[in-house]
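Counting from 478, one number per residue, gives the positions in the sequence shown under this note's numbering. Glycine included, C-beta positions come from ideal geometry on N, C-alpha and C. Take a look at the structure below.
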Amino acid sequence: MSDRTISDNQRLWLGTQTRIWESEGLITAEAGERIRGRYVVAQQVNLTRLVVFLGAAFVAVGLIWLVAANLQRFSPGGRFAVVVLVWLALMVGTEVLRARSGGADTVWVSALRVIAAGAFGAVVFQAANSLNAPTDRAILLGAWAGGALVLAYGVRSFPVLVVAVPLTLAWVFWQTLEAQETQFNAGLGAALAGVVGAGVAGAHARLWPIGALPWREFGAMGSLLAVFITGIPSGGRSVSFGGPVIAVLIAAVLVCGVLAIRADRATRVHALVAFGALALGLLLSRWQAQFGFLDVDSRLTGATTSAILRASVAVLGFLLLATGVAVIGVLRESPRLAFAATAALVLFVTVQAFAVFAPILSGATLFLVLGVVLLATGYAAERGRRRLQARRESLA
Numbered sequence: 478m479s480d481r482t483i484s485d486n487q488r489l490w491l492g493t494q495t496r497i498w499e500s501e502g503l504i505t506a507e508a509g510e511r512i513r514g515r516y517v518v519a520q521q522v523n524l525t526r527l528v529v530f531l532g533a534a535f536v537a538v539g540l541i542w543l544v545a546a547n548l549q550r551f552s553p554g555g556r557f558a559v560v561v562l563v564w565l566a567l568m569v570g571t572e573v574l575r576a577r578s579g580g581a582d583t584v585w586v587s588a589l590r591v592i593a594a595g596a597f598g599a600v601v602f603q604a605a606n607s608l609n610a611p612t613d614r615a616i617l618l619g620a621w622a623g624g625a626l627v628l629a630y631g632v633r634s635f636p637v638l639v640v641a642v643p644l645t646l647a648w649v650f651w652q653t654l655e656a657q658e659t660q661f662n663a664g665l666g667a668a669l670a671g672v673v674g675a676g677v678a679g680a681h682a683r684l685w686p687i688g689a690l691p692w693r694e695f696g697a698m699g700s701l702l703a704v705f706i707t708g709i710p711s712g713g714r715s716v717s718f719g720g721p722v723i724a725v726l727i728a729a730v731l732v733c734g735v736l737a738i739r740a741d742r743a744t745r746v747h748a749l750v751a752f753g754a755l756a757l758g759l760l761l762s763r764w765q766a767q768f769g770f771l772d773v774d775s776r777l778t779g780a781t782t783s784a785i786l787r788a789s790v791a792v793l794g795f796l797l798l799a800t801g802v803a804v805i806g807v808l809r810e811s812p813r814l815a816f817a818a819t820a821a822l823v824l825f826v827t828v829q830a831f832a833v834f835a836p837i838l839s840g841a842t843l844f845l846v847l848g849v850v851l852l853a854t855g856y857a858a859e860r861g862r863r864r865l866q867a868r869r870e871s872l873a
């Protein structure tokens, strides 16, 4: 029987259902593999959907921008009323269009919902502006993210969820950074976003499998970003961990532990990546080198030796994390994660090499060393990705 092409959403649904049937004893594992093997994901991009959703994204951004411009023709209350009316019109219009489409979530229905999610952000920020409250607070982004999540899960709209998830994780990052604008808090916020992404993605296994996709992918990228931030030598003092950090660490251990015990293999790997990024970020924050990123006055001293050792540990840890993200991408058949892991690894190694060798080398020698490091890292990352893909295909 020839392979049939299905969408990525259909593949996720089929994979989840067949594994549930296997666990219930309805089919054997071999039969499940044969069923899944009959279908392949269609690789072509639907240009119409792409254009429509890009247009929806631009309209949503335009609404936020319009609020930022303050609509000077109206009073603060008038501006708020206009934005609320636009948002309500979008919500009602979406349901009317859906009813006329026979209850189906067409591309136009989904696009209007995306615009409505953006319009809710305009409502939140305009409300703060009308009350003369600061509009650069994380709580406003959190309110916007909360509204988008309610809409996404209330109507089970995957396109809206793709908007809501990065807003939510960005709020986690910003809220942590807002407490104290330091490199440590930035790394901690990104690591927490990674843990949240892993935890929520794991909870979607049976409830809404396709809903796990944005949580998994954006969460994994947050974990990589956390180590990238904390891995850059700042030349500052090492940080001390107080009660809040310890409490966060305990909560992360509990979340990742539950996922490791109750979830499937890919989710276990994601839990290890999320916790590993948090632990490595804390380690690198404690272990700060004695010179900054561009301190060209440093030479081969004890400080430089310490920086080389720290960079080596950071690169090795990041390599393990990137490998974990690539494994998740292979197991979940997500080329985006595999590409993100490869690109992040190459960029991270290059930045670390520059930070270490810039104070020692100069001119052509520096570029030669960085070029060799970049080529070697790219070769190793691509070779590893191909081996993971080949191994998965052989097991299938």
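Closest residue to residue i among the options (Cα-Cα distance)
i      : options                           : result
Leu675 : Gly696, Leu684, Ala667 and Gly666 : Looking at the sequence provided, one finds Ala at residue 675 rather than Leu. It is Gly696.
Pro553 : Leu567, Val569, Arg515 and Ala605 : Ala605
Ala817 : Asp741, Leu702 and Gly631         : Leu702
Val528 : Ala641, Ala620, Val584 and Leu562 : Val584
Gly623 : Val601, Leu608, Asn609 and Ser607 : Val601
Phe597 : Glu655, Ala641 and Gly492         : Ala641
Arg751 : Arg787, Leu824, Phe795 and Ser762 : According to the sequence provided, residue 751 is Ala. The question's Arg does not apply to it. Out of Arg787, Leu824, Phe795 and Ser762, Phe795 has the C-alpha closest to the C-alpha of Ala751.
Ala754 : Leu798, Arg864 and Thr493         : Leu798
Val536 : Ala647, Ala599 and Leu503         : Ala599
Ala875 : Ser762, Pro812 and Phe530         : Given a span of 478 to 873 for the chain in the structure shown, any question on residue 875 remains unanswerable.
Leu690 : Ser607, Thr744, Phe825 and Asn609 : Thr744
Arg488 : Ala748, Leu531, Arg513 and Ile497 : Arg513
Gly801 : Val849, Ala534, Arg742 and Gly532 : Arg742
Leu749 : Pro812, Gly679, Gly688 and Ala784 : Gly679
Gly671 : Leu503, Ser700, Gly502 and Ala756 : Ser700
Asn609 : Glu572, Leu654, Phe557 and Trp621 : Phe557
Ala533 : Arg633, Leu793 and Leu567         : Leu567
Val828 : Val792, Gly555 and Arg860         : Val792
Tyr516 : Gly492, Val649 and Gly502         : Gly492
Expected contact under 8 Å - CB spacing of residue i and residue j to nearest Å
i      : j      : result
Gly595 : Val538 : 7 Å
Thr854 : Leu822 : 6 Å
Ser587 : Pro636 : 4 Å
Leu814 : Ala803 : 7 Å
Trp651 : Leu684 : Wrong, their Cβ atoms sit about 28 Å apart, outside the cutoff.
Leu638 : Gly688 : 6 Å
Leu628 : Arg575 : 13 Å between Cβ atoms; not a contact.
Trp490 : Pro812 : That pair is no contact at about 19 Å.
Burial state of residue i (16 or more Cβ within 10 Å)
i      : result
Trp542 : exposed
Ile495 : Per the sequence presented here, residue 495 reads as Thr, with Ile not at that position. Thr495 comes out buried.
Gly806 : buried
Ser715 : Bear in mind that the predicted position of Ser715 carries a pLDDT of just 49, short of 50, making it unreliable; the figure below should be weighed with that in mind. So Ser715 counts as exposed.
Gly509 : buried
Asp774 : Low confidence applies to Asp774: its pLDDT is 46, below 50, so where it sits in the model is not reliable, and the reading given next is rough at best. By the 10 Å Cβ count, Asp774 comes out exposed.
Ser500 : exposed
Ser578 : exposed
Asn662 : buried
Gly631 : exposed
Glu572 : exposed
Arg776 : Reliability fails at Arg776, whose pLDDT of 42 lies under 50, so the model's placement of it is uncertain and the value that follows must be treated cautiously. With fewer than 16 other Cβ atoms within 10 Å, it is exposed.
Arg809 : buried
Gln603 : buried
Ile592 : buried
Val849 : exposed
Val569 : exposed
Gly758 : buried
Leu771 : Residue placement at Leu771 cannot be trusted, given a pLDDT of 42 that sits under 50; what the coordinates show is reported in the next sentence. Classification for Leu771: exposed.
Glu507 : exposed
Continuous alpha helix (DSSP H) stretch holding residue i: start and end
i      : result
Glu655 : Phe635 to Ala656
Leu701 : Ala689 to Gly708
Pro553 : Pro553 to Arg577
Trp585 : Val584 to Ser607
Ser762 : Arg742 to Arg763
Trp621 : Ala615 to Val632
Leu665 : Gln660 to Ala680
Arg513 : Ala506 to Gly514
Residue i at chain B interface by Cβ criterion, 7 Å
i      : result
Ala566 : Considering every chain present, this structure includes no chain B. It has just one protein chain.
(message) Using a Cβ distance threshold of 8 Å, determine whether the stretch 698-707 contacts the stretch 664-673, with at least three qualifying pairs required.
(response) With the cut-off at 8 Å, the stretch 698-707 and the stretch 664-673 touch.
(request) Evaluate contact between the stretch 611-621 and the stretch 559-566, counting only Cβ atoms and requiring at least three cross-stretch pairs below 8 Å. (result) Segments in contact, no.
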